[in-house]
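Student: Numbering (the numbering used here), first residue to last: 244 to 657.
Every residue, glycine too, gets a C-beta built ideally from N, C-alpha and C.
Sharing a structure below in structure tokens format, with a few things to ask.
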Amino acid sequence: MNPPRKKILIVNCYFPEMREPIKRRNEVPDALAPVLLGGWVSTEHCEVKLYNEVHSGFIEVFQPDLLSWPDMLVMTGLTATFDRLLHLTAYARTANPRVVTVAGGHAVRCLPVYSQEFFDYACTGNVEEIREVIEEALGPAYLAEEFRPRYDLAYWIKRLGYAEATRNCNFKCSFCSLTGVGRKYSAQSADYLESQMDAMGRRLIFFFNDNQLLGDGKAPFRARIGQVQRRREAGQFRYWSGFVTDTFFWDEQNIRLARETGCLSLFVGVESFDDSMWLKSVNKKQNSRMNQVELIRRCVEEGIIFQYGLVYDPTIQTLEQMYHQLDLICEHPEIPAPNFIFMSIPFPGTPFFHDRYEKGLILPNTKMRDLEGSTLSLQPIDPVEDVVHFIRNGRNFRGYRSRFLRHQAKFLWH
Ligand code: SF4
244 MNPPRKKILI VNCYFPEMRE PIKRRNEVPD ALAPVLLGGW VSTEHCEVKL
294 YNEVHSGFIE VFQPDLLSWP DMLVMTGLTA TFDRLLHLTA YARTANPRVV
344 TVAGGHAVRC LPVYSQEFFD YACTGNVEEI REVIEEALGP AYLAEEFRPR
394 YDLAYWIKRL GYAEATRNCN FKCSFCSLTG VGRKYSAQSA DYLESQMDAM
444 GRRLIFFFND NQLLGDGKAP FRARIGQVQR RREAGQFRYW SGFVTDTFFW
494 DEQNIRLARE TGCLSLFVGV ESFDDSMWLK SVNKKQNSRM NQVELIRRCV
544 EEGIIFQYGL VYDPTIQTLE QMYHQLDLIC EHPEIPAPNF IFMSIPFPGT
594 PFFHDRYEKG LILPNTKMRD LEGSTLSLQP IDPVEDVVHF IRNGRNFRGY
644 RSRFLRHQAK FLWH
């Protein structure tokens, strides 16, 4: 006799910095974990639904009926979403007291012991841990016989096909949430990457959702690119994109290989153009070995879009230094505009957190939901109101309008 069908809802939680029910329809990169988690669930004995709050907004606002639907609610999200995990758990249990709640991702890894209090399963492992949870909570019959990622349910994944080839990072920057968790860089098998590419079908851009594509040497990197290239040649993808670090650009062969295999853009954590002291202090020395403007030039000259972010540490860097970085961008037409400018975040568990905590620099009443880079959570050197003004205006280049437009025109012409 067949076991009764079970309903499983997998949610990527999101708490936007403005704390409003917004939908971010064009976020890149976007969530992959629900797709992978869903891949371990039996399609024969379960009905699975995916929901992404980045793309679709707060679930209780935009699809409240979903909260009473599942027998099992699986939640994942970045560190700042911890409160959302609590909200959804409360909503789902109110609607259905028998629902099994499962939480994982960075938010739970960051607070592994505290999390156990709130969820039936607080998972600190990789996505595969869902197998043990399903087996224990529902029974082995509800496990997929074969891993098949659920791109078919990921309504937010359209032209970009996200997949992962590696996990974690080979660097240990002191402010990074990955450093806080402390997992080793690990390359996944070629078969794992193939199964994701098989399941995602044709996409305009294949996107490596890894933290660092070149973390285990050139040969594995070439092998990964080779897998994607074979599918490009067969017409499945046109371009690829992904995350690397400065080290990628040290060797021009890497950039050439990327161009020859259809790399459209690379995402890089530049953090700071000129503060080698700060980069050293946060153990990101790899970003000060070579001039970052020169590395950007190498990338752009090969026709690859350079996408990057800057991070300011208001406990060490003055507002003058922050504005100086904006001046520097406006003065160099070869530097594209940053994709984001964040304030450094004291993620619990990181060396950066412990240092700022011991120095009494974490602002009172800082909440988990504040740890998203747009909310000031550290005591700045400059007056708080001036730094808040910078966060609200300067980092969006407000006040730099004409200079910035001139810069953009020169960059495009460059
Ligand atoms: S290189 Fe990037 S992903 Fe790796 S530890 Fe540093 S900040 Fe994190």
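Which of the three DSSP states is assigned to Ala397 in this structure?
Tutor: coil
Student: Decide yes or no for the touch test of the stretch 274-284 against the stretch 379-391: beta carbon pairs closer than 8 Å, at least 3 of them.
Tutor: The way I'd put it, the stretch 274-284 does touch the stretch 379-391; three or more beta-carbon pairs between them come closer than 8 Å.
Student: Need the endpoints of the alpha helix (DSSP H) that Asn497 sits in, please.
Tutor: Note, Asn497: alpha helix (DSSP H), Glu495 to Glu503.
Student: Going by DSSP in three states, Arg473 sits in which element: helix, strand or coil?
Tutor: Residue state, collapsed to three classes: helix.
Student: Have a look at Arg541 and Phe516 and give me their C-alpha separation to the nearest angstrom.
Tutor: 16 Å
Student: Is the distance from the Cβ of Ile578 to the Cβ of Ile548 below 9 Å?
Tutor: In this structure, Ile578 keeps its C-beta atom at 9 Å or more from the C-beta atom of Ile548.
Student: Let me make sure I understand the geometry here. Which of Lys528, Arg391, Leu553 and Met586 has the alpha-carbon closest to that of Gly444?
Tutor: With distances taken between Cα atoms, Gly444 lies closest to Arg391.
Student: Less than 9 Å between the beta carbons of Ala350 and Val342, yes or no?
Tutor: no
Student: Smallest Cα separation from Leu621: which of Gly637, Arg327 and Phe590?
Tutor: Out of Gly637, Arg327 and Phe590, Phe590 has the C-alpha closest to the C-alpha of Leu621.
Student: Taking its Cβ as the centre, do 16 or more other Cβ atoms sit within 10 Å of Val291, making it buried, or is it exposed?
Tutor: buried
Student: Between Ser645, Gly320, Gly505 and Gly460, which lies nearest to Val370 when the distance is taken from Cα to Cα?
Tutor: Gly320
Student: Quick one: grab the DSSP three-state call for Tyr334.
Tutor: Residue state, collapsed to three classes: helix.
Student: What did DSSP end up calling Thr409 once you bin it into helix, strand or coil?
Tutor: strand
Student: Output yes or no for whether 9 Å exceeds the beta carbon distance between Asn413 and Lys461.
Tutor: The answer is no: Cβ separation not under 9 Å.
Student: What do you reckon, are the CB atoms on Ala380 and Met315 nearer than 9 Å?
Tutor: yes
Student: Is Phe585 close to chain C? Criterion is C-beta to C-beta, closer than 9 Å.
Tutor: Note that chain C does not occur in the displayed structure, where there is just one protein chain.
Student: CB-CB under 8 Å to Pro581, same chain, minus the five flanking residues each way: which ones, in chain order?
Tutor: Val513, Tyr551, Gly552, Leu553 and Ile572
Student: Within 8 Å, do at least three Cβ pairs link the stretch 291-308 to the stretch 249-260?
Tutor: Yes, the stretch 249-260 is in contact with the stretch 291-308.
Student: Tell me the rounded alpha-carbon separation between Asn339 and Glu375.
Tutor: 23 Å
Student: For a test of your reading of the model: does the CB of Asn413 fall under 8 Å from any non-hydrogen atom of the ligand SF4? Yes or no.
Tutor: yes
Student: With which residues is Leu569 paired in a DSSP beta bridge?
Tutor: BP columns for Leu569 are empty, so no partner.
Student: Let me know the alpha helix (DSSP H) ranges lying completely inside the stretch 292-375, each 4 residues or longer, listed in chain order.
Tutor: 296-299, 302-305, 325-338, 349-353 and 355-358
Student: Where in the stretch 600-640 do unbroken runs of the alpha helix (DSSP H), each at least 4 residues long, occur, reported from the N-terminal end onward?
Tutor: 627-635
Student: Just to check, is the beta-carbon of Thr488 closer than 8 Å to a non-hydrogen atom of the ligand SF4?
Tutor: yes
Student: Do Gln455 and the ligand SF4 come close, with the Cβ less than 8 Å from some heavy atom?
Tutor: yes
Student: CB-CB under 8 Å to Arg262, same chain, minus the five flanking residues each way: which ones, in chain order?
Tutor: Arg612, listed in sequence order.
Student: Please list, in chain order, all residues of the same chain as Lys448 whose beta carbon is under 8 Å from its beta carbon, the five residues on each side excluded.
Tutor: The question names Lys, yet the displayed sequence has Ile at residue 448. So the list reads Arg402, Leu403, Gly404, Phe480, Arg481, Tyr482, Trp483, Ser484 and Leu507, once near-sequence residues are dropped.
Student: Got a sec: does the ligand SF4 put a non-hydrogen atom nearer than 8 Å to the Cβ of Phe640?
Tutor: In this structure, the C-beta of Phe640 stays at least 8 Å away from each heavy atom of the ligand SF4.
Student: Given a cut-off of 9 Å, decide if Thr561 and Leu604 are closer than it, judged by their beta-carbon atoms.
Tutor: no
Student: Kindly identify the DSSP beta-bridge partner or partners of Gln550.
Tutor: Phe510, per the DSSP bridge assignment.
Student: Indicate the three-state DSSP secondary structure (helix, strand or coil) for Tyr428 in the structure shown.
Tutor: coil
Student: With respect to 8 Å, is the separation between the Cβ of Phe418 and the closest non-hydrogen atom of the ligand SF4 below this value?
Tutor: yes
Student: Assuming Asp453 and Phe492 form a contact by the criterion Cβ under 8 Å, report the distance between their Cβ atoms to the nearest whole angstrom.
Tutor: Not confirmed; about 17 Å, so no contact.
Student: Within 10 angstroms of the Cβ of Arg248, are there 16 or more other Cβ atoms? Answer buried if so, exposed if not.
Tutor: exposed
Student: So the beta strand (DSSP E) Gly485 belongs to, where does it begin and stop?
Tutor: Where Gly485 is concerned, the enclosing beta strand (DSSP E) stretches over Tyr482 to Val487.
Student: If we count the other Cβ atoms within 10 Å of its Cβ and call it buried at 16 or more, is Lys523 buried or exposed?
Tutor: Per the 10 Å Cβ criterion, exposed.
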